[in-house]
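Each residue of the sequence shown is one higher than the last, beginning at 9 in our numbering.
A quick write-up on the structure given underneath.
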Amino acid sequence: APDYDKSQWIKEKEKLGLDFPNLPYFIDGKTKLTQSNAILRYIARKHNMCECRGCRGGGAGGPAGRSRAPPPAGGDTEEEKVRVDMLENQVMDFRMSLVMVCYNPEFEKLKPGYLEQLPGKLKLFSSFLGDRKWFVGDKVGCRPGGARGGHPQPCSPPAPPQLTFVDFLMFDVLDQNRIFEPKCLEPFKNLQDFMERFGALEKVAAYMKSSRFTKMPINNKMAKWGGK
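Pasting the structure below:
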């Protein structure tokens, strides 16, 4: 908030019961968290978005009518989990490379070098996405099909490819770079399509049209770029 100063945070931070007082912090009932990625993963787990969902079987599992427990909603394969973990950290490095430029007193001197290496970094993300709709959760899951005669039935209808929390990270960091250099995504159609697809999600689109959404600032007012 623009009218806040550091002293107000210092007065409050020791009263919140946080293990490691810091900003941002997140309180959900008895759960109290700091560290951005820990907060993000907590929210993602609550909404089943840590890894992509596989098929969820349903109905009876045998003649006695025993229920068949569905597979975990998290990633079905180690490959999916690895993609989530790897991309989460790659996005962090990518974000920090822009942050280091934006907060540097030599911003104007460093900007050309950042823009020179930007296409190479975006190409890596483009290759990683490939022809998927989402960066990890492109597997088509299925809705429970029940059981008939003691045998599970095929899932119907198929569920759409699933988002994971790293898609939110990617949209955010790509959008920041698109603001920094509006033409940077033009050589990468799949990244452009991803941005359009994500931005068209019903709740995302509604939020971005609301008064709660602000495109700028994206950095602290101390930054040489993005702080206004």
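Here a beta-carbon is modelled for each residue, glycine too, at the ideal position from N, C-alpha and C.
The structure presented is a predicted model; accordingly, all values stated were derived computationally and were not measured.
The count of Cβ pairs closer than 8 Å, one atom from the segment 211-229 and one from the segment 195-203, stays below three, leaving the stretches out of contact. The residues Gly207, in chain order, have a CB closer than 8 Å to that of Met216 in the same chain once the five nearest residues on each side in sequence are set aside. Ile47: member of the alpha helix (DSSP H) spanning Ser44 to Lys54, first to last residue.
The distance from the Cβ of Glu22 to that of Pro32 is about 17 Å, inconsistent with a contact at the 8 Å cut-off. Fewer than three Cβ pairs drawn from the segment 117-126 and the segment 173-184 lie within less than 8 Å of each other, which leaves the two stretches out of contact.
Separation of Glu194 and Leu130 (C-alpha to C-alpha, rounded to the nearest whole angstrom) is 11 Å. With contacts defined by Cβ atoms closer than 8 Å, Tyr111 and Ala231 form a contacting pair. Annotation: Asp139 is outside any beta strand (DSSP E) and is labelled neither H nor E by DSSP.
For Phe28, no alpha helix (DSSP H) encloses it, and the DSSP letter there is neither H nor E. Take Ala52, set aside five residues on each side of it, and the residues of its chain with a beta-carbon closer than 6 Å to its own are Cys58 and Phe173, in chain order.
Across the set Ala214, Trp17, Asp175 and Asn45, the C-alpha of Asp175 shows the shortest separation from the C-alpha of Arg140.
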